[in-house]
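In the working numbering, the protein residues as written are 3 to 380.
Structure follows, in structure tokens:
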């Protein structure tokens, strides 16, 4: 079937068909790799062939077959087939790092890293550097790093911290918070003064203070100041009701503090509620929602903590669910599709994804400006 589709130029059909073939063929037949030879011989653009290889490897891994290991199989025929099939992967490391390559080619090449096709240390170095690239490149590199469970990855990511720019630092922090052993390394670096605690967002700090692992919670508590009691904070801001603010300044504050999770006037990410419909709400309602986010949490925006079988831990809002998987909206604004078969544990946090403590970055004057923007007419 693959041969027929390839012969007739049906490139877009190959990936779903390949996933079906790998999922249904007997394991012994899969291990022989004969079915994939037509794929290796196809005359298609580089990016397409790289994507096919990633799909093939993903499917084989789910069936317990390592394509990289097949290159050294005791069966000479299987070994030869594996080397032939993996020819495009040889260039993946170079293509991923080559700024002159089309973005689609680089993203497809990145997807082949961290699979055992190249020397692991070299792959990690390239992936860490790519975290400072364009958003699509950064997301692709982050996804591959998150698939890596090696404990030394955290050290590699933190090694040149003083020379990393803001974009690269943000990508690295997101990665380090995904695995408890990496998170511990990050907290140790913060305690040693090598990474500033305030480089983490309020949401990330709040998540660490509530971490399921006691030792990480305790380390975070020593590093991060706990938010003040909510009633006292609300009382401090009550005078803003009826006070004007600068909407232009508020627009800047929205982009800095809110847009990562909220949409307003077409800007931002719709992880939490879209704010356009609330511009007529009283100031008091806004203050309570911003400064005491856990007082009332709508069911659609409850935070879920997901432990995956590969050791990763994610937190976010479940935006959609099917019989086989769910889509988690992360506090970084990204979406993560998770297969249910990959989930070890799914817990309801009973808390809003929005962190407490926003008064630390929005003192009363800035809050007045933000509310002036959010309550302005469309």
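Heads up, the beta-carbon is just placed ideally off N, CA and C, and yes, glycines get one too.
Within a 10 Å sphere around the beta-carbon of residue 98 sit 16 or more other beta-carbons, which makes this residue buried. Cβ neighbours of residue 229 within its own chain (closer than 6 Å, five residues either side excluded): 358, 359. At a Cβ-Cβ threshold of 7 Å, residue 54 and residue 41 count as neighbours.
For the pair of segments examined, the stretch 155-173 was found not to touch the stretch 286-301: the number of CB pairs separated by less than 8 Å stays below three.
The C-beta of residue 285 has 16 or more other C-beta atoms within 10 Å across all chains shown, which makes the residue buried. From the listed residues 308, 234, 313, the smallest Cα separation to residue 328 is found for 308.
DSSP places residue 341 inside the beta strand (DSSP E), whose first and last residues are 337-341. Between residue 160 and the set 142, 141, 195, 145, the nearest pair of CA atoms involves 195. In this structure, the beta-carbon distance from residue 293 to residue 235 falls below 7 Å.
Under the rule that a run must span 4 or more residues, the alpha helix (DSSP H) segments found entirely inside the stretch 224-297 read 232-239, 249-259, 285-293.
Comparing alpha-carbon positions, the option among 26, 250, 51, 247 lying closest to residue 65 turns out to be 26.
Residue environment: residue 250 is assigned as exposed (fewer than 16 neighbouring CB atoms within 10 Å of its CB, all protein chains considered). Here the C-alpha atom of residue 177 lies approximately 43 Å from the C-alpha atom of residue 244.
Under the DSSP definition of a beta bridge, residue 320 partners with 330. The C-beta distance from residue 252 to residue 373 rounds to 7 Å, short enough to fall under 8 Å.
Taking a cut-off of 8 Å on C-beta distances, the stretch 204-223 does not touch the stretch 270-283, as fewer than three cross pairs fall below it. The beta-bridge partner set that DSSP reports for residue 310 consists of 345. Residue 103 and residue 125 have their alpha carbons spaced roughly 18 Å apart. Residue 379 carries a coil assignment under DSSP once its states are collapsed to helix, strand and coil. A direct Cα-Cα distance of roughly 19 Å separates residue 127 from residue 180. With fewer than 16 other Cβ atoms inside 10 Å of its own Cβ, residue 92 counts as exposed. With distances taken between CA atoms, residue 57 lies nearest to 115 out of 380, 115, 280.
Contact between residue 37 and residue 88 does not hold, since the beta-carbon distance rounds to 15 Å and is not under 8 Å. Taking all protein chains in view, the Cβ of residue 233 is surrounded by fewer than 16 other Cβ atoms within 10 Å, so the residue is classified as exposed. The Cβ atoms of residue 313 and residue 151 lie closer than 7 Å to each other. Residue 354 is bridged by DSSP to 304.
Here residue 22 is exposed. Its C-beta has fewer than 16 other C-beta atoms within 10 Å. Nearest C-alpha to residue 39 among 29, 108, 51: 51.
For the pair residue 131 and residue 238, the Cα-to-Cα distance works out to about 44 Å. The beta carbons of residue 110 and residue 49 sit closer together than 7 Å.
Within the stretch 111-158, the complete alpha helix (DSSP H) runs of at least 4 residues fall at 122-132, 137-148. In the same chain as residue 206, and ignoring 5 residues on each side of it, the C-beta atoms closer than 8 Å to its own belong to 175, 179, 333, in chain order. Here residue 67 has 29, 32, 33 as same chain residues with Cβ atoms under 8 Å from its own Cβ, once five neighbours each way along the sequence are excluded.
Pairing residue 316 with residue 344 gives a Cβ-Cβ distance that is not under 7 Å.
Where residue 87 is concerned, the enclosing alpha helix (DSSP H) starts and stops at 78-87.
Sequence-distant Cβ neighbours of residue 368 in its own chain, meaning closer than 7 Å and more than five residues away, are 255.
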